[in-house]
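Contents: one structure, followed by commentary.
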Amino acid sequence: MQIQENFSLLAFNTFNIDSKAAYYYAAEDIAGLKSLFKQQQETSYPMFLLGGGSNILLLGDYEGLVVHNQFKGIKVVAEDEQHIYVEAAGGEVWHDLVRYTVDHGWWGIENLSLIPGSVGAAPIQNIGAYGAELKDVFVTLIAMNTSTGKLAEFTLHDCDFGYRDSIFKQELKGQYFIISVTIRLSKAPQPKLSYGAINKSLEQKGIKEPTVLQISDTICEIRSSKLPDPKELGNSGSFFKNVIVPKEKLAELEGHYEKVPSYPVDEHSVKLPTGWLIEQCGWKGKRVGQTGAYAKQALVLVNYGQATGREIFQLSEEIKDSVREKFGIDISREVTLV
Ligand code: EPU
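Numbering of the sequence shown is given in this note's numbering, commencing with residue -2 and proceeding in unit increments.
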């Protein structure tokens, strides 16, 4: 078993933080992973399950074992008249899976184009963008219990998906390593164009009936224009979640601000874009040392090059405090602290 010591995680986190793991293991097969977990039971080190590293903030060196999902493979496992069922290994790059399905002309995950991260991490936080979420296409996943080494299957119901949330972020946190995910895609066109920016961009190109490839390309363009490329500017996408507040809160804000963006949730609540709240507090484009809130999207915190995880964490706490002070609203992190 290839366990590496004092291993730099620089290439494996999109914040580009140069922290080290005391022990690192690249998991590629069931037998190896099983014996790793068995061996781990005999030690007292903490363990962290790493995917694409696009939703974590490394606060310092990790004094334990990092298990990196490197399971590979994408295949069609079933098909009926209307659907194709695709199983992808947890260590595949999410966007590679999207392009594989889009290239075949299958519909379902094109709106989730260019979301950084791995397939195995997608269900953990039920990734979503532009009016689509993983849960809309999810069928089942296979995961290994990190204590017993046993494989288990989780259906849609078992995963308890919510907004950027699942059972794997709650009760079962750290307890399952995701080996593969199966999704259901449609053979017939099912464009999801409710998100304004997509329609606008397709209109500008004169496209009335977009193909799945054209939608994917459009989403890639929109994302690239708004979100920084981690290779150039370290970041983990949205650092915080959007917030759900009672409708009365929105009415109160509308008394003070001309235009308050919001999305309906149910008859009592609305979702407010946390990026807007942060911008109102004056953080958008503001730089603090090697860190800052991105100039085109205040919800994205960035590493200008040499920031430590602690410095980014510190900035996030200051932002949280100022949103609480100005709006009386508690915002919560989307990223996982390690
Ligand atoms: N806004 C501002 N100022 C800002 C940022 C946003 O005023 O600095 C307001 C604008 O009114 C804008 C609205 O917020 O219209 C929404 O902004 P945006 O469309 O960029 O989306 P978001 O709500 O900030 C969410 C997801 C993103 C996803 C986009 C598009 C969360 C936490 N984030 O962001 O997901 O790509 O919608 O669907 O739900 C991620 O999770 O890492 C991520 C990037």
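Each residue gets a CB set at the ideal place from its N, CA and C atoms; glycine is no exception. Given the structure is predicted, the values throughout are model-derived calculations rather than measurements.
Open item on the list: According to DSSP, simplified to helix, strand and coil, what is tyrosine 127?
Closed with: On the sequence shown, position 130 is the one that residue 127 refers to. DSSP places tyrosine 127 in coil when its eight states are reduced to three.
Task: Touch test, the stretch 72 to 80 against the stretch 45 to 63, Cβ-Cβ under 8 Å, three pairs minimum - done: no
Task: Buried versus exposed call for proline 39 [16 or more other C-beta atoms within 10 Å across all chains shown] - done: As a working note, residue 39 is residue 42 in the sequence shown. Note that residue 39 corresponds to glutamate in the displayed sequence, not to proline. Exposed, by the Cβ-count rule.
TODO: Give me the Cα-Cα distance between threonine 288 and tyrosine 127, rounded to the nearest whole angstrom.
DONE: Taking the sequence shown and counting its residues from 1, one reaches residue 288 at position 291. Taking the sequence shown and counting its residues from 1, one reaches residue 127 at position 130. About 27 Å.
- [ ] Answer yes or no: the CB of glutamate 276 versus the heavy atoms of the ligand EPU, is any distance below 7 Å?
- [x] Residue numbering aside, residue 276 sits at position 279 when the sequence shown is read from its first letter. Yes, the Cβ of glutamate 276 comes within 7 Å of a heavy atom of the ligand EPU.
TODO: May I ask you to report which of helix, strand or coil DSSP gives glutamine 201?
DONE: Position 204 of the sequence shown, counting from 1, holds the residue named residue 201. Of the three classes helix, strand and coil, the one that applies to glutamine 201 here is helix, per DSSP.
Open item on the list: Judging by CA-CA distance, which residue of Asn232, Glu150, Gly159 is the nearest neighbour of alanine 129?
Closed with: By one-based count along the sequence shown, residue 129 stands at place 132. Among Asn232, Glu150, Gly159, the Cα nearest to that of alanine 129 is on Gly159.
- [ ] Drop a sphere of 10 angstroms on the beta-carbon of glycine 272, count the other beta-carbons inside from all chains shown, and report buried for 16 or more, exposed for fewer.
- [x] Along the sequence shown, one-based indexing puts residue 272 at 275. Classification for glycine 272: buried.
Task: Beta-carbon proximity of serine 233 to valine 332, cut-off 8 Å - done: Here residue 233 refers to the residue found at position 236 when the sequence shown is read from its first residue. Here residue 332 refers to the residue found at position 335 when the sequence shown is read from its first residue. Yes; because the gap between Cβ atoms is below 8 Å, this pair is in contact.
Task: leucine 138: first and last residue of the uninterrupted beta strand (DSSP E) it sits in - done: Taking the first residue of the sequence shown as 1, we reach residue 138 at position 141. Element bounds for leucine 138: 135 to 142.
- [ ] Let me know the secondary structure DSSP gives tryptophan 104 once reduced to three states.
- [x] Along the sequence shown, one-based indexing puts residue 104 at 107. Three-state DSSP puts tryptophan 104 in a strand.
Open item on the list: Is alanine 295 close to the ligand EPU? I mean its beta-carbon at under 7 Å from any heavy atom of the ligand.
Closed with: Translated into the one-based positions of the sequence shown, residue 295 becomes position 298. For the ligand EPU, at least one heavy atom lies less than 7 Å from the Cβ of alanine 295.
Open item on the list: Taking DSSP's pairing of strands, which residues face isoleucine 180 in a bridge?
Closed with: Stepping through the sequence shown from its first residue, residue 180 is reached at position 183. Partner(s): Val83, Phe135.
TODO: Could you tell me if the beta carbon of glycine 272 falls within a distance shorter than 7 Å of some heavy atom in the ligand EPU?
DONE: In the sequence shown, residue 272 corresponds to position 275, counting from 1. Flag set: Cβ of glycine 272 near the ligand EPU.
Open item on the list: By alpha-carbon positions, which one of Ile139, Tyr20, Pro261, Val64 ends up nearest to aspartate 58?
Closed with: For the purposes of this step, residue 58 is identified with residue 61 of the sequence shown, where counting begins at 1. If we check each option's Cα against that of aspartate 58, Tyr20 comes out closest.
Open item on the list: Tell me which residue opens and which closes the beta strand (DSSP E) that glycine 147 is part of.
Closed with: Numbered from its first residue, the sequence shown carries residue 147 at position 150. With the sequence shown as reference, residue 147 is identified as lysine, and glycine is not the correct amino acid for it. From DSSP, lysine 147 is part of no beta strand (DSSP E); its letter is neither H nor E.
Open item on the list: Can you list, in chain order, the residues of its chain with a C-beta nearer than 7 Å to that of phenylalanine 237? Leave out the 5 residues immediately preceding and following it.
Closed with: Taking the sequence shown and counting its residues from 1, one reaches residue 237 at position 240. Excluding sequence neighbours, phenylalanine 237 sits near Thr271, Leu296, Ile328, Ser329, Arg330, Glu331.
Task: Local conformation of tyrosine 301 per DSSP, three classes - done: In the sequence shown, counting from the first residue as 1, residue 301 sits at position 304. In the structure shown, tyrosine 301 sits in coil (DSSP, three-state: anything other than H, G, I, E or B).
Task: Boundaries (first-last residue) of the alpha helix (DSSP H) holding isoleucine 219 - done: As a working mapping, residue 219 is identified with position 222 in the sequence shown. Start and end: 209 to 223.
Open item on the list: To test your reading of the DSSP string, which unbroken beta strand (DSSP E) runs of 3 or more residues are found completely within the stretch 211 to 287?
Closed with: 231 to 235, 240 to 243, 266 to 269
Task: For alanine 295, the residue or residues it bridges with in DSSP - done: For the purposes of this step, residue 295 is identified with residue 298 of the sequence shown, where counting begins at 1. The partner list for alanine 295 (beta bridge, DSSP) is empty, contrary to what the question assumes.
Open item on the list: With the cut-off set at 8 Å, would you say valine 240 and leucine 269 are in Cβ contact?
Closed with: Taking the first residue of the sequence shown as 1, we reach residue 240 at position 243. Taking the first residue of the sequence shown as 1, we reach residue 269 at position 272. Cβ atoms of valine 240 and leucine 269: closer than 8 Å.
TODO: Pull up the DSSP beta-bridge partners for phenylalanine 324, would you.
DONE: As a first step, residue 324 must be located in the sequence shown, where it is residue number 327. In DSSP, phenylalanine 324 forms no bridge with anything.
Open item on the list: Tell me whether the stretch 155 to 169 and the stretch 0 to 19 touch, counting them as touching only if at least three CB pairs, one residue from each stretch, are closer than 8 Å.
Closed with: no
Task: Beta-bridge pairing of isoleucine 53 - partner residues as DSSP gives them - done: Sequence index remark: in the sequence shown, residue 53 carries index 56 (1-based). Note: isoleucine 53 sits in a beta bridge opposite Thr333.
Open item on the list: I want to check one thing, is the minimum distance from the CB of glutamate 331 to the heavy atoms of the ligand EPU below 7 Å?
Closed with: On the sequence shown, position 334 is the one that residue 331 refers to. Indeed, a heavy atom of the ligand EPU lies less than 7 Å from the Cβ.
TODO: Answer yes if the stretch 100 to 107 comes into contact with the stretch 199 to 215, meaning at least three C-beta pairs across the two stretches below 8 Å, and no otherwise.
DONE: yes
TODO: Whole angstroms is fine: what's the gap from valine 257's alpha carbon to aspartate 133's?
DONE: Position 260 of the sequence shown, counting from 1, holds the residue named residue 257. Position 136 of the sequence shown, counting from 1, holds the residue named residue 133. Those two C-alpha atoms are separated by around 28 Å.
TODO: Please look up how many angstroms separate the CB atoms of threonine 145 and glycine 171, rounded, as I've assumed it's under 8 Å.
DONE: The residue given as residue 145 occupies position 148 in the sequence shown. The residue given as residue 171 occupies position 174 in the sequence shown. So it is not a contact: roughly 14 Å between Cβ atoms.
Open item on the list: Rounding to the nearest angstrom, what Cα-Cα distance links glycine 382 and isoleucine 275 in this structure?
Closed with: Absent from the structure is residue 382, since the part of the chain shown begins at -2 and ends at 335.
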